[in-house]
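In this note's numbering, the protein residues as written are 3 to 451.
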Amino acid sequence: MNLGVIGAGYVGLTTAVCLASIGHKISIFEINRLKAKQLENKNIPFYEEGIKELFEKVTSIGNLEISESLDYMVRNTEGCFICVGTPTGDNESIDLSQVIGSMNSLVEAIKNVKKNNYTIIIRSTVVPLTTRNKLLPLLKNLNGIQITLCIVPEFLREGQALDDFMNPDKIVIGSTDKSGEIFVKKIFDHFKDNVNFIITNPETAEMIKYTNNAFFSTLISFSNEIANISERIHGVDAFQVMDALISDKRITIKTDNQKIVPYLSTYLLPGCGFGGSCFPKDVKALTQHAISLGTKTPLLNAVLEINEERVMKIISLAEFLLGNLKGNQISILGLAFKPDTDDIRSSPAIEGIRLLQEKGANISAYDPKVNPESIIQIGINDVVFHENLEECLKNSVLAILFTKWPEFRTINGEFLSKHMINPIIIDGRGYLDRNQFQKKTYYKIGYAE
Ligand SMILES: NC(=O)c1ccc[n+]([C@@H]2O[C@H](COP(=O)([O-])OP(=O)(O)OC[C@H]3O[C@@H](n4cnc5c(N)ncnc54)[C@H](O)[C@@H]3O)[C@@H](O)[C@H]2O)c1
Numbered sequence: 003m004n005l006g007v008i009g010a011g012y013v014g015l016t017t018a019v020c021l022a023s024i025g026h027k028i029s030i031f032e033i034n035r036l037k038a039k040q041l042e043n044k045n046i047p048f049y050e051e052g053i054k055e056l057f058e059k060v061t062s063i064g065n066l067e068i069s070e071s072l073d074y075m076v077r078n079t080e081g082c083f084i085c086v087g088t089p090t091g092d093n094e095s096i097d098l099s100q101v102i103g104s105m106n107s108l109v110e111a112i113k114n115v116k117k118n119n120y121t122i123i124i125r126s127t128v129v130p131l132t133t134r135n136k137l138l139p140l141l142k143n144l145n146g147i148q149i150t151l152c153i154v155p156e157f158l159r160e161g162q163a164l165d166d167f168m169n170p171d172k173i174v175i176g177s178t179d180k181s182g183e184i185f186v187k188k189i190f191d192h193f194k195d196n197v198n199f200i201i202t203n204p205e206t207a208e209m210i211k212y213t214n215n216a217f218f219s220t221l222i223s224f225s226n227e228i229a230n231i232s233e234r235i236h237g238v239d240a241f242q243v244m245d246a247l248i249s250d251k252r253i254t255i256k257t258d259n260q261k262i263v264p265y266l267s268t269y270l271l272p273g274c275g276f277g278g279s280c281f282p283k284d285v286k287a288l289t290q291h292a293i294s295l296g297t298k299t300p301l302l303n304a305v306l307e308i309n310e311e312r313v314m315k316i317i318s319l320a321e322f323l324l325g326n327l328k329g330n331q332i333s334i335l336g337l338a339f340k341p342d343t344d345d346i347r348s349s350p351a352i353e354g355i356r357l358l359q360e361k362g363a364n365i366s367a368y369d370p371k372v373n374p375e376s377i378i379q380i381g382i383n384d385v386v387f388h389e390n391l392e393e394c395l396k397n398s399v400l401a402i403l404f405t406k407w408p409e410f411r412t413i414n415g416e417f418l419s420k421h422m423i424n425p426i427i428i429d430g431r432g433y434l435d436r437n438q439f440q441k442k443t444y445y446k447i448g449y450a451e
């Protein structure tokens, strides 16, 4: 099929290259000319395992092209995915301006090129009733042109985006009419033998997406609340506590003497809080949306509150260990909100840097994938970025591990003594082996030394 994709961010580009790889002809339109130019030059504006190679492959066989205009894209396609951002807006509610802006421009283009029977598929995460109450009304005065609108939310995880797209557990189709459902099923026909198609109305589809993210965020905050309590009881290791919980037969299933540990156990771990472009903003958007609907979300409010306090706890521990942070050099290990991505949106490490700088600390940082430019762009200055871990640790009196990059796994006491002035580390993820450190040099969250 000939399909368009609007927005070449993590979701748009993944959608485009994956659909192109299963044989569709994709035309992608990105409003940011710098990003579009980068793509034309075969440079991917972000890091995601495998995407560069797949992008090169599908462009070389002519299945993916970068559109210069929406008119061009619409002329050559029969339907298109809207994959633009839905960031946090005023009062922590969802900012729909990119979705509404792109819908309006798309409808104009459809009218310009007099394209009939076009299908618009919302892929961005939008709060329930957005498609019906805010986007459907934009399809007015079409002079007889038929446009179908539906929402097909995306569930990919950054770092595993291609694999998630190519092996979906569900494809949720919330269509305003039957033709939308048929059209979307045709697009995803490649997956039909292995996937659960969930056919529903747009608002249920929207709610499914938020429920997914709210559920996993809740597991993380639950684990962090257990960590908060454990940190107050000398000798209790919250990681061991959560491990024991995971082994419960209601979570870890045993079949023929084989244990099946569900993937959700990776959310049942203490840490320095969830970040990224989805969990924090989507839980906030859902709680604010609930208020507008006249209901309360005490559980999700607590999920957010617990999350926001986690980084602060790490900074308090740093203060406790050093006495005063002013003028002290602290090494930040990992800037991305999780490994295998360069995404720093709502990353605990970034919040950590902000708080440490407020208290007068000097920051040196290392992340194997994050581009220092992206940190400067969000207004974080005076960070000295290093090309490797050893350089980053030099002259520091404290290191804080924020991201579970595999190369940090081997950090031990000897390594720190070799490279730091004062070999102390706070393990914000409980990632390192405590036995590899001398007393009073290793502090992990979820355990009071
Ligand atoms: N990133 C994830 O892991 C993930 C997973 C599932 C769902 N989502 C949802 O998908 C949506 C997109 O997320 P993302 O992380 O890809 O966002 P992003 O900010 O990385 O990318 C959005 C892109 O859309 C472009 N854009 C904005 N307005 C445009 C317009 N009018 N025309 C063309 N391009 C336009 C922006 O320039 C940007 O490049 C969001 O709603 C998000 O919540 C994200």
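All C-beta atoms in this analysis are idealised placements derived from N, C-alpha and C, irrespective of residue type, glycine included. Since the structure is predicted, the reported quantities are computational estimates derived from the model, not experimental observations.
Following the DSSP letters along the chain, one finds E58 inside the alpha helix (DSSP H) bounded by residues I53 to S62. Apart from sequence neighbours up to five positions away, the residues of its chain that approach V305 with a beta-carbon distance below 7 Å are S219, T220, S223 and V285, ordered along the chain. For P282, same chain residues with a beta-carbon under 6 Å away, outside a window of 5 residues either side, are S348 in chain order. Taken through DSSP and simplified to helix, strand or coil, Y368 comes out as strand.
Under the three-state reduction of DSSP, V263 is assigned to coil, being neither helix nor strand. Contact between the segment 263-278 and the segment 186-194 is absent: fewer than 3 CB-CB pairs across the two stretches fall below 8 Å. Using a 10 angstroms sphere on the CB of F322, the tally of other CB atoms stays under 16, which defines it as exposed. In the structure shown, the three-state DSSP call for I355 is helix.
Within its own chain, the residues whose Cβ lies closer than 8 Å to the Cβ of A216, once the five positions on either side in sequence are excluded, are D284, V285, L288, L302 and V305, listed in chain order. Nearest neighbour of K172 by Cα position, chosen from L158, S181 and D179, turns out to be L158. Unbroken alpha helix (DSSP H) runs of no fewer than 4 residues, entirely contained in the segment 119-189, are found at 163-168 and 180-189, following chain order. Contact residues of ligand 1 (beta-carbon closer than 6 Å to any heavy atom; chain order) are I8, G9, A10, G11, Y12, V13, G14, F31, E32, I33, N34, K37, C85, V86, G87, T88, Q100, G103, S104, S107, S126, T127, E156, L158, E160, S279 and C280.
Cβ neighbours of A22 within its own chain (closer than 7 Å, five residues either side excluded): I28, V60, N65 and L66. Taking all protein chains in view, the Cβ of D179 is surrounded by fewer than 16 other Cβ atoms within 10 Å, so the residue is classified as exposed. Apart from the 5 residues on each side of it in sequence, N145 sits with its Cβ closer than 8 Å to the Cβ of K113 in its chain, given in chain order.
One thing to note: V372 has its Cβ within 7 Å of the Cβ of A338. The distance from the Cβ of L400 to that of L324 is about 6 Å, consistent with a contact at the 8 Å cut-off. Between the segment 427-446 and the segment 202-215 there are fewer than three inter-stretch CB-CB distances shorter than 8 Å, so the stretches are not counted as touching. Between T150 and G176, the C-beta gap is not smaller than 7 Å, which leaves the two residues out of contact.
In the displayed model, S29 falls within a strand according to three-state DSSP. With respect to the 7 Å criterion, D344 and F57 are not classified as neighbours on the basis of their beta carbons.
By DSSP's assignment, T202 forms a beta bridge with G176. Nearest to F404 by alpha-carbon distance, out of E353, N259 and N326, is E353. Pairing L36 with N43, the inter-Cα distance amounts to about 11 Å. Bounds of the alpha helix (DSSP H) holding Y12 are Y12 to S23. Between the alpha carbons of F387 and L72 lies a distance of about 39 Å.
Using a Cβ distance threshold of 7 Å, L131 and E205 count as a contacting pair. Under the DSSP assignment, F241 falls in the alpha helix (DSSP H) whose first and last residues are A240 to I248. About 10 Å separates the beta carbons of C85 and T127, which is beyond the 8 Å limit, so they are not a contact pair. In terms of Cα proximity to E160, the closest of T443, G277 and G362 is G277.
Beta-carbon to beta-carbon, R312 and G275 are separated by about 4 Å, close enough to satisfy the 8 Å threshold. Using a 10 angstroms sphere on the CB of I189, the tally of other CB atoms reaches 16 or more, which defines it as buried.
With contacts defined by Cβ atoms closer than 7 Å, T133 and I153 form a contacting pair. The C-beta distance from T79 to L15 rounds to 17 Å, too long to meet the 8 Å contact threshold. Put simply, of S95, G91, E70 and D166 the residue whose alpha carbon is nearest the alpha carbon of L295 is S95.
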